[in-house]
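Read the structure below first, then the notes.
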Amino acid sequence: MTIKLDISPTSIVIYCTDCGHWRGFAFDREDAERRGVTHEELVHPKVWDFRRKVEKNNTRRAARHAGDSINDQIRPQDSRHGNLRPRVREARS
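Here is the structure:
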């Protein structure tokens with residue numbers, strides 16, 4: 001039993017190779033994976049193939065997001081919002 005994702009630029013069709021009648025539709029990958037996991041849990045509870053793949057993808061996404069979200073510390077003097085005025089560059093002569 002395998003749940004497959006047929007991904008196009010605008011949508012994703014989810015289908016199960018064991019259930020010829022079952023199809024799902026989603027606009028993004030996370031929603032497609034949720035629908036596939038739900039199908040696997042409800043119809044094929046003893047099979048964990050798709051759920052393992054999704055968990056691996058989620059772990060990979062979380063690690064990538066954590067690496068992307070590391071920012072330099074923002075100091076108050078760098079703020080352009082709130083009570084502080086923007087710094088004005090002085091002309092060099």
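In terms of UniProt numbering, the sequence shown opens at residue 1 and continues consecutively.
Using N, Cα and C, we set each Cβ at its ideal position, and we do this for glycine too.
Inset, instruction - Out of Ser11, Thr10, Thr17 and Phe25, state which residue places its alpha-carbon closest to the alpha-carbon of Phe50. - result: Thr17
Legend entry - Environment of Glu33 [buried if 16+ CB atoms lie within 10 Å]: buried
Legend entry - Residue range of the alpha helix (DSSP H) that includes Arg92: Counting along the chain, Arg92 falls outside any alpha helix (DSSP H), and DSSP gives it neither H nor E.
Legend entry - Cβ-based neighbour list, Ile12, same chain, cut-off 6 Å, excluding 5 preceding and 5 following: The answer, listed in chain order, is Leu5, Ala26 and Ala32.
Inset, instruction - Could you tell me which of Gly20, Thr10 and Arg92 sits nearest to Val43, measuring between CA atoms? - result: Nearest of Gly20, Thr10 and Arg92 to Val43, Cα basis: Gly20.
Inset, instruction - Output the distance between the C-alpha atoms of Asn58 and Trp22, rounded to the nearest integer angstrom. - result: 24 Å
Legend entry - Nearest-angstrom Cβ-Cβ length linking Ile3 and Gly36, presumed shorter than 8 Å: 4 Å
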